[in-house]
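Taking it in order: structure first as C-alpha cells, then the write-up.
Put into C-alpha cells, the structure is as follows:
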C-alpha cells in the first residue's frame, strides 16, 4: 500500500543548536527526511533554530523557519502554515519534547495536526521509565526473554534514599526521566553522591522524576536499531557492541558494528526482545534504538532503554550499514511499507531486509576536557563527548586504528616507543574510564600486563583485549625485524598501522616508510559499503580503504574534485565546516565535476552517500588522503583537491599535499602560510598599511614581562600554534602573567608565547568575504555583541552590524580587500577586526571558510561556500554574478536598510560538566572557545532578533519578575541605563551591596541580597545562591573580573546553570537583552520563513 | 610448521575451477579438500552453519571477516559433526570469548579434519562467485601445495554439485524418536534428508513426537509410525536426483496426510507436484533474506541455505495431480520461489529455514501452521 493521500503538508521539527548529546546527526537525519518528503510531493515546513545546518538551507524545505523550537513559536508556525501532519521523530529529544508538549496543550488538536512517525502513547511508553518497565515485563511474558534492571521510581529525595535500601545498597544508577543524552544521570557509590546526582536529576527532569537502578557496571553493552512499518514488518538494521562495558554512556564509548562477541543464539534473543519491544511500545511507522546489557558470566539480558525516534546511534548505524534509517523512517511515516521502498544501494532489492556487513566499523568519541580543566573527566552515564569519528576496515584492528587516527588528537593513536610506564600504575589508571583509556590499556600491555589483568581492571571483553595484544605483537615484530619486508609491512597495514606509527617504531620518517611501502607495491584498495556483503552488485560508490587484494573503484571520465571534510566535531570545528563542504559538493556537481567527499565523521550530511558522487569514509591524515588521491588519479582525470572548506584539518594538509604533487585548488598553500604565519602576515599588514594590536613573542617570563610592560596591560597571551583559542587568556597584571607562563606546559624555547595588546572595550567585527584575484565580494559584516576578548565563536553577533555606519563598512571593505589581495586568497577569507578608539585593528585572518559562513549565507540569502568552491576551480566573481549564484550587484556590505537583522548566539555546554567534587564548572566567557553550537534569531529589528536568539539558545528571556545584578567595577557605568530599563519594564531588581549602592546613587531602587560568602542571615534571609536555587530569580546579570572569577560569582553562575535561569555575563549582553525584553513586551513577535525573508531581500536588492 | 603468536603461518592456497586463486594461511586442518565454493553472508552462527548437513561437499566462504570469536560450545551444533568440506575466513579469532565456549573453532576444525584457509580477500572471492556463479574449488595447505596447474587439474577432477545425490550420505541410518515437550499432541514422521537438530526441537516444543526416519525410508516406513503429519527436511545435493523421496512424498499426498517440507523438502514437493527444479547461479545463503508470505503480504527476515530452487509460476494457480497449487512465499530480492502450498489438501513447504539456527525466528509461525493442519485434519 503506497503513500497516504490525506497528507499534503508536513511540519518537521529539527533539533536546534548543537549541544552535547544532540549534534550534527540530526542535521543528517533531518535533511534526508525533508528531501524524501519533498520528493514525495509534500509541502515541507521546517523549524530549526540552528543556521549551521544543511536542513535549514532554503532549498531543502518549502518553508524554512529559523525560529526558536519552543511550543510558543512552533504554534505560531502551525497557525500560519496549517500543516496536515507533524513529524517529531527526526529532531532528537528537542523535537519529541516540543511535540509532546504541544499535544498536551491541545495545540495539535486545535489546528487538526496529526502526529506521524510515532504516536503519543508510543512516545510515552518508550520514554517514561515506569511505563517502559511494564513494556519489558509484558515482553518477558510473551517471549520469555528480557528484563529490566531492578529499579525504583522516585519523585523526591526521600523516595531516593528509601529506594537504595530496596535495591540492596550502593552502587546505584540514577537516571532522570525525559532528558536527552542521559543528562543528569550517573553512578552513586554513597549517600553524598546520591544526594547530589539525584537532586540534580529531579531538577532536570521535566516530570521531576528519577529512576534508581541496580548496578550492572561492567556488563557487555549492545544496541540494536530497528524499523517497523504499518504492516508490522520489522527489521533490525544494525547491531552495535560497545568496547567499553556498561557504565560509560554509549555516546562516550568506543563502539563496534556489527556485534563481535555474540553467538547466534544470544544475538537472536536480543533480536526477539527488540522486535517484541518495538511492537509492544507501538512504534508503527518508524525506527527505534534499544540498548541492552548482557552479563558476561551467564548471558542474562537486561533491557536498558529505548528511544522511539531517530538517534545518534541510528545515524551511526546508517553510515555503518548503508541503510538510511531517517530516509526510510520518513517514507514509513507517510504510509509506505518496507517492502515498497527500494534499497538505494542495490536499487533492485527492497528495504525489508537486514543489512549484513563484510567489514568492521569502529566509532571513537572525541572529547574536549582540555577546554574545561576543572571538569571531572571520568566517563559516566552522562554523555560528555563533543564529537566522534567512525572508521571502516576489513577487520577490527584496521578499523580501530583508523578510528583512533581519525580523532586527530595528539596521542590518540597507539604509540609503541618510549617507556611504557609502571604496569600496576597503568592498570589502576585504566580502571577509571576516561578519554584515552584505550591508550592507557595499550601501555599497560606494553608494560607486561596479562589479558586477565586487563580484563579485571576494565571488564573489556577478552576478545577485544586480545585484539589489542595482536596490535602490540605486530608492533613488537616491526620493532624487532631486521628490515621492513613485504610480508611484515603488509601485515602491519592489514592491522591498521599508519605510516607514522611504523615510522615511529622504526625510527624513520613517515615519507620514507611510504616510499618503501610503495616500492614494495603495498597500497590500500577501496571496498564498497553495500548493505549485503557483496551478495548483490552495489550502485553507490561508498568506499573505505583496506589492505586487501581487490579494489572496487570504477574508472570515470568527468574530471573529479576531491573535497576534504573536517573530521570529528570538536569545539571550534563543528558542523559549520561540514555545511561548507556539502555546499561545495553541490555547486561543483552542478558545474559538471564528479565530486569526491572525504570525511570520517558519521554525524554529518557530507558522509551521506547521497551528497557527493563518491564518498570515501576515511581519516583525514596525509597518508589516507594521498591514498585516495592515488586511487582517483588511477580512475580518471583529477581537477584538484579543495582544502579550504573543512576548517583547520584539511588546511593543515595543504602544503604537504602540494609537496606530494597533489593539485590543491583555491588559495595556495603559500597564501595560507602568508595568513597563518605571524611574521608573514605582519608583512602583509605592513604593506597594506593596516594596524594590528602591538605584540611580541617570548619564551620566558622575563621576555613576556618586558613585552607586556612596553605595550601595557591587559595583554592577551597564548601558545603560538593554537586552534579555537586553546590556552588563550587575558592577563590583567604581572602576577597573573608570571603564573600563566609557569602553568603553561605548551611554552618552550621552540614554542614561544604570543603576547598581544588586549583591546579593552573594543568592538569586535567578523568579516566573511570572497576574493577571486581581482574582485572582492564582501559576504557579510558581523558585529559582536560581547566586546573583544571573548572568542568570536562564543560571542553573539548581529548581521548587518547594528552600530557601524557607512564609513566603517567602507574601511572594512578596503582593509579586507587589501588583506585578501596581499595574502593571495582565491575563495573565502574570514577576518577579525577590532574597532577601538576609532582605529580599526586587524586581529587575524583565516584563508578558509569560517564558522560563520552558514550564518552569513542564511542572513544574506547568498550561498558563499558554493561561490567559494567555484572560485577555487577558476570561476570569477563576475561570472558568478552573471550566473546568478551571487547577486548581480551589491554584496553583504550593501544590504538594504530594511534588510532583516540576524543575531547569532552561541550555546554553551556548562550543564554537562561537573568538577571532581560534583560542582558545576564556571560559565564565564573568555578568549578560549567553549561553545558547542549556535542558534540564529532573525527578525525586522535587533531587539526581536536578539530575543529570538536567546529563546532558541537558552529559553525565552523573562519579560517580568526579579532580576539580580552584580557586576565588576569596570562594568558599573555601563550597567545603569539597562538597569533603569529593566525597572521600567516592571522588573524588581536584586543586587549585592556594592552594585546596589551604585544603582541607588543613580536613582534606581534595588533590594540588597546576601552574598553566598555572607551565609544565611539572622532572620533566615536567603543568599542570592539560595534564591536562585529556590527559583526566585528570573534573570541574572553577573560579570566577572578577569578570569577565574571570585567564588561568589562562580556559585551564582553555576546555580543559574543548574536552574536554567538566563545568566548574562557581559554588560553588552545585558544591553541587548533589554532590547529583547522591550521587543517582547511590545508584543506581536511573528514568524517568517527564510524563503520569505529572501524574497523580500532580493526584491529590495533589485530596486 | 611455524607458529607465531599471531597464529599459524602454514601457507595455503585456494584454487577455483576457472583458474582464479587466492593465497592465505592454513586454518583448521592442514591438507587438501574439494567442494563447491559458496558464500554465506550470516554474521553470526558459524557453529550452526558448519554443522548444517545441507553444506555437505561445499566449501563455505564466510563474508563476515571475524569468525570464531565465540569459540565452540556443545549446545549449538545442528548435527553430529561439521559437514562443510572446506572453510574460508578472513580473520579467525585467536581467543574465544563466551561463557558457553569450551574450545576454539580452529581446534574444532582441526579435530574434525576440516581443511580451511584464512587471510584471503573473501570479498573479492565472494564477488567472483556472484559474477561467475558457484563453482568447484580446492583448498591446499602445507605439503599439499603444488604448482597451480596441478592444483587446478585436481579441482577440475572433483565431482560437480549438479546431479549429486547426497542426502543418504548425511542422514541418519537408524530411525530415532524426539519426544514431545510437555503433553504429546501429534506424531510426525520426519524424513531425514540432512535434518538440522533445531527442526525436530521446534516441533517437539509444540507437542509433536517426531519420528526421524532415514533418507531411504519408504512410504510404508513412514505410514508405519501412524503419523498425524509427515515432514521432509532440508538436505544437500540436487533435487533432480531425489527420486526416492519424491515417490514417498507422492504416496503421502495420495493419502492426504498433512505435509510440511523445508528446503530440500520444498524442492521435493515441487517435483512431486510436477514442477521442475533448477540450480541458482550462486544460491541464497545467509540469515537476512526478505521473504514475503503472499497470503498475508507480510515480510519475514529468514535464514536461507539453498543452491537449487523450484520453477513454478509465481502469479497463477497451477493444476497438479493433487489439486490446485500456488506459490505461497517469494524472496523479494530476486523473486525466487520460497514456498508452495496446495489449495485442496493439507500440504505446504518452504524453501528457507523457519527453524532458523542460525538466523531470525520470524518464520517460526510455519510450525504452528503445520500444527493447525494436523488439528484441522483431526477435527
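Residue numbers (the UniProt record's numbering), protein chains in the order written: chain D, 1 to 1103; chain F, 1 to 379.
For glycine and all other residues, C-beta sits at the position ideal for the given N, C-alpha and C.
Determine the contact status of residue 921/D and residue 367/D, defining contact as a CB-CB distance below 9 Å.
-> no
Would you identify the three-state DSSP class for residue 5/D, choosing helix, strand or coil?
-> coil
Within-9 Å CB hit, residue 1043/D to chain F = With a pLDDT of only 45 at residue 1043/D, under the threshold of 50, the placement of this residue in the model should not be trusted; the figure read from the coordinates follows. Residue 1043/D does not count as touching chain F.
Determine, using beta-carbon pairs with one atom in the region 725–732 of chain D and one in the region 770–786 of chain D, whether at least three such pairs fall under 8 Å.
-> no
Could you tell me the boundaries of the beta strand (DSSP E) in which residue 46/D lies?
-> 43–47
Which one of 266/D, 437/D, 71/D has the shortest CA to CA distance from residue 73/F?
-> 266/D
Measure the CB-CB distance between residue 799/D and residue 756/D and report whether it falls below 9 Å.
-> no
Alpha helix (DSSP H) segment containing residue 221/F, residue limits | 219–224
Could you give the residue range of the alpha helix (DSSP H) that holds residue 176/D?
-> First-last for residue 176/D: 172–176, but that is the beta strand (DSSP E), not the alpha helix (DSSP H).
Using a C-beta cutoff of 9 Å, does residue 10/D count as contacting chain F?
-> no
Quick one: what's got a C-beta closer than 6 Å to residue 1036/D's C-beta in the same chain, skipping five residues either side?
-> 964, 1056, 1061, 1063
Expressed to the nearest angstrom, what Euclidean distance is found between the alpha-carbon atoms of residue 292/D and residue 312/D?
-> 16 Å
Would you mind stating whether residue 232/F and residue 275/F have Cβ atoms separated by less than 9 Å?
-> no
Between the beta-carbon of residue 32/F and the beta-carbon of residue 144/F, is there less than 9 Å?
-> yes
Three CB pairs or more closer than 8 Å across the region 263–282 of chain D and the region 207–219 of chain D = no
Closer than 8 Å at the beta carbon, the chain F residues around residue 263/D = 44, 45, 47, 70, 73, 76, 98, 100
Which listed residue (157/F, 115/F, 348/F, 378/F) has its alpha carbon closest to that of residue 382/F = Here chain F covers residues 1 to 379 and nothing more, so residue 382/F does not appear.
Count the other CB atoms within 10 Å of the CB of residue 354/F; is the residue buried (16 or more) or exposed (fewer)?
-> buried
Span separating the alpha-carbon of residue 136/D from that of residue 123/D = 15 Å
Of the residues 672/D, 165/D, 348/D, 603/D, which one's Cα is nearest the Cα of residue 151/D?
-> 165/D
Determine, using beta carbons only, whether residue 184/D and residue 205/D come nearer to each other than 9 Å.
-> yes
is_contact[residue 353/F, chain D] using C-beta, thresh 9 Å | no
Since residue 401/D is in the alpha helix (DSSP H), which residue starts that stretch and which ends it?
-> 396–406
Contact set for residue 509/D: own chain, Cβ-Cβ below 8 Å, skip 5 residues either direction | 503
Step through the CB atoms of chain D and report whether any lies within less than 9 Å of the CB of residue 51/F.
-> no
Burial state of residue 39/D, where buried means 16 or more other Cβ atoms lie within 10 Å = exposed
Is residue 1061/D helix, strand or coil when you go by DSSP?
-> coil
Taking only the alpha-carbon atoms, compute the straight-line gap between residue 747/D and residue 913/D and give it to the nearest angstrom.
-> 27 Å
Three-state class that DSSP yields for residue 732/D in the structure shown | coil
Cβ of residue 359/D less than 9 Å from any chain F Cβ?
-> yes
Leaving out five residues before and five after residue 1054/D in sequence, what residues of the same chain have Cβ atoms less than 6 Å from its Cβ?
-> 920
In chain D, which residues lie with their C-beta within 9 Å of the C-beta of residue 127/F?
-> 534, 537, 550, 552
From what residue to what residue does the alpha helix (DSSP H) around residue 934/D run?
-> Run containing residue 934/D: none in the alpha helix (DSSP H); it sits in the beta strand (DSSP E), 933–939.
Whole-angstrom C-beta distance between residue 847/D and residue 667/D, which should lie under 8 Å = 5 Å
Proximity test, Cβ basis, 9 Å: residue 299/F and chain D | yes
Those residues which DSSP pairs with residue 1082/D across a bridge | In DSSP, residue 1082/D forms no bridge with anything.
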